[in-house]
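Those sequence lines, one after another, are chains A and B. Note that the working numbering gives residue 47 to position 47 of the first sequence, counting from 1, and the numbers run on in steps of one. Heads up: take any position in the second sequence, counting from 1, add 102, and you land on the working numbering. Read the structure below first, then the notes.
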Amino acid sequence: MNIAELQKKLIAAARLEKPDVRVPYAFEKRIMAHLDARAVNHRWVSAWTHSLWRAAVSCVVVAMLFGVWTILEPAGAPASDDLSMDFQNTLLASVDQGDNAP
Amino acid sequence: MERSEAELIAAVLSGDSTSFEPLVQKYSPRVFATARRYARRDSEVEDIAQEVWLKAFDKLKTFRGEAPFEHWLMRMTVRTCYDFLRSHQRNRESAFSEISEPEEDWLERFVAEPGSAAEDADAAKLLVDRVLEKLSPAARLVVTLLEIEDRSVKEIAEITGWSVPLVKVRAFRARAEMRKIVARMAKEKYL
């Protein structure tokens with residue numbers, strides 16, 4: 001069998017076949033309905049995202065205010081000069097409390 | 103008064119999505135005709151057309167108006183069809199044993215006397231559909247655009263986004279692939 005000839009014939013057959021241009025009934029309405037449905041979803045998503053952003057910004061502002069307040073707040077009790085003594089007192093505070101217990 | 107295409111596009115871009123409907127109405131026949139070259143089932147054709155229009159709506163802001171809207175849309179349609187072919191590669195390895203009686207008759211007539219097998223016969227169209235279904239997605243796209251739609255290599259490069267040398271290489275491979283499939287079909291039936 002002449003394969004090249006058969007291939008040519010098949011290509012010629014395909015060329016002769018004009019594709020169908022029919023469009024299903026109300027296809028454009030379906031597309032518009034899809035677009036509308038997506039727009040509604042999009043509105044919900046964007047409202048949610050907007051709220052999340054506002055919440056995130058508020059959290060950052062509160063965290064920054066607390067940070068500034070912590071830095072600027074005057075220290076309650078004056079720290080002693082002897083750091084080693086302070087460290088020892090802190091470390092052994094629980095033992096001291098245990099000794100004082102009745 | 104009927105609005106021009108440019109006016110409709112501008113209206114859609116400024117937020118009036120209802121202006122998209124006349125565009126869908128006008129160009130859907132072409133989109134469907136192209137999709138039917140690559141998909142056989144009605145449901146698949148409709149899925150492709152729907153995807154094309156949703157993509158077109160989303161990407162409308164990338165349409166710069168230098169070329170006609172139809173060209174831009176057809177490029178998107180062909181690329182969507184190519185994506186469809188890549189995601190539906192089943193049946194490519196199936197045998198030719200299930201070909202119908204008229205197709206077999208047509209082949210037999212071709213074997214006996216090549217000139218007597220008419221190209222416009224329905225059987226020939228069914229056979230070529232079978233052969234095209236067995237091609238790889240890239241080969242099918244190139245064969246369809248180059249051999250069936252008779253487009254130039256440059257046009258194919260513009261439509262697909264491939265370079266001209268790549269289109270030429272793929273066209274060469276596609277012809278070879280098709281020849282192999284036709285030979286396999288002939289061998290399965292007549293050897």
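Just so it is clear, CB atoms sit at the ideal spot from N, CA and C, and this is done for glycine as well. All values reported here derive from a predicted model rather than from experimental measurement.
On the DSSP letters alone, give me the boundaries of the alpha helix (DSSP H) that residue i sits inside.
| i | result |
| --- | --- |
| Gly67(A) | 27-72 |
| Ala108(B) | 107-115 |
| Ser59(B) | The structure shown has nothing for residue 59(B), since chain B only spans 103 to 293. |
| Arg232(B) | 224-235 |
| Ala241(B) | 239-244 |
| Leu83(A) | 83-91 |
Taking C-beta pairs closer than 8 Å, name the residues in chain B that residue i reaches, listed in chain order.
| i | result |
| --- | --- |
| Ala39(A) | Ser119 |
| Ala13(A) | Glu221, Asp222, Ala223, Ala226, Lys227, Leu229, Val230 |
Chain A partners of residue i, CB-CB under 8 Å?
| i | result |
| --- | --- |
| Met280(B) | Gln7 |
| Glu148(B) | Pro24, Phe27 |
| Glu153(B) | Neighbours of Glu153(B) on chain A: none; closest Cβ ~10 Å, over 8 Å. |
| Ala285(B) | Ile3 |
So what's residue i in DSSP terms, helix, strand or just coil?
| i | result |
| --- | --- |
| Val21(A) | coil |
| Asp160(B) | helix |
| Pro170(B) | coil |
| Asp252(B) | coil |
| Trp264(B) | coil |
| Ile201(B) | coil |
| Ser130(B) | helix |
| Gln191(B) | coil |
| Glu148(B) | helix |
| Ala285(B) | helix |
| Asn2(A) | coil |
| Ser218(B) | helix |
| Leu247(B) | helix |
| Phe274(B) | helix |
| Glu141(B) | Strictly speaking, residue 141(B) in this sequence is Ala, with Glu absent from that position. Correct three-state label for Ala141(B): coil. |
| Glu104(B) | coil |
| Phe186(B) | helix |
| Phe212(B) | helix |
For residue i, which residues in chain A fall below 7 Å Cβ to Cβ?
| i | result |
| --- | --- |
| Pro131(B) | Val21, Val23 |
| Val102(B) | Since the first residue of chain B shown is 103 and the last is 293, residue 102(B) is not available in this structure. |
Output, in chain order, the set of chain B residues within a Cβ distance shorter than 7 Å of residue i.
| i | result |
| --- | --- |
| Leu72(A) | The premise fails here: Leu72(A) is roughly 49 Å from chain B at the closest Cβ pair, so nothing lies under 7 Å. |
Of the residues that make up the region 155-174 of chain B, which ones have a beta carbon closer than 7 Å to any beta carbon in chain A?
Trp155, Leu156, Phe159
Residues in the region 43-66 of chain A having any Cβ partner in chain B nearer than 7 Å
Per Cβ criterion, the list is empty.
Touching or not, the region 127-134 of chain B and the region 224-232 of chain B, by the rule of three or more beta carbon pairs under 8 Å?
Contact fails: fewer than three Cβ-Cβ distances are below 8 Å.
Count the C-beta pairs between the region 28-40 of chain A and the region 151-167 of chain B that are closer than 8 Å, then say yes if the count reaches three, no if not.
yes
Could you check whether the region 237-244 of chain B touches the region 272-286 of chain B, counting it as contact only if at least three pairs of C-beta atoms, one from each stretch, sit closer than 8 Å?
yes
With 9 Å as the C-beta to C-beta threshold (strictly closer), list the residues of the region 133-145 of chain B near chain A in chain order.
Val133, Phe134, Ala135, Thr136, Ala137, Arg138, Arg139, Asp144
Three or more C-beta pairs closer than 8 Å, one from the region 45-52 of chain A and one from the region 250-265 of chain B: is that the case here?
no
Taking a cut of 9 Å between CB atoms, which residues from the region 247-265 of chain B lie near chain A?
Contact residues of the region 247-265 of chain B toward chain A are Glu249, Ile250, Glu251, Asp252 (C-beta to C-beta distance below 9 Å).
Meets three-Cβ-pair contact criterion under 8 Å: the region 261-270 of chain B and the region 177-186 of chain B
Yes: at least three Cβ pairs fall under 8 Å.
Contact between the region 7-24 of chain A and the region 204-224 of chain B: three or more CB pairs below 8 Å?
With the cut-off at 8 Å, the region 7-24 of chain A and the region 204-224 of chain B touch.
Determine which residues of the region 207-218 of chain B have a Cβ less than 7 Å from any Cβ of chain A, and write them out in chain order.
Closer than 7 Å at the C-beta level to chain A, one finds these residues of the region 207-218 of chain B: Phe212, Val213, Pro216.
If you pair each beta-carbon of the region 182-191 of chain B with each one of the region 201-211 of chain B, do three or more pairs fall below 8 Å?
no
Can you find at least 3 beta carbon pairs, one from the region 22-32 of chain A and one from the region 120-127 of chain B, that sit closer than 8 Å?
yes
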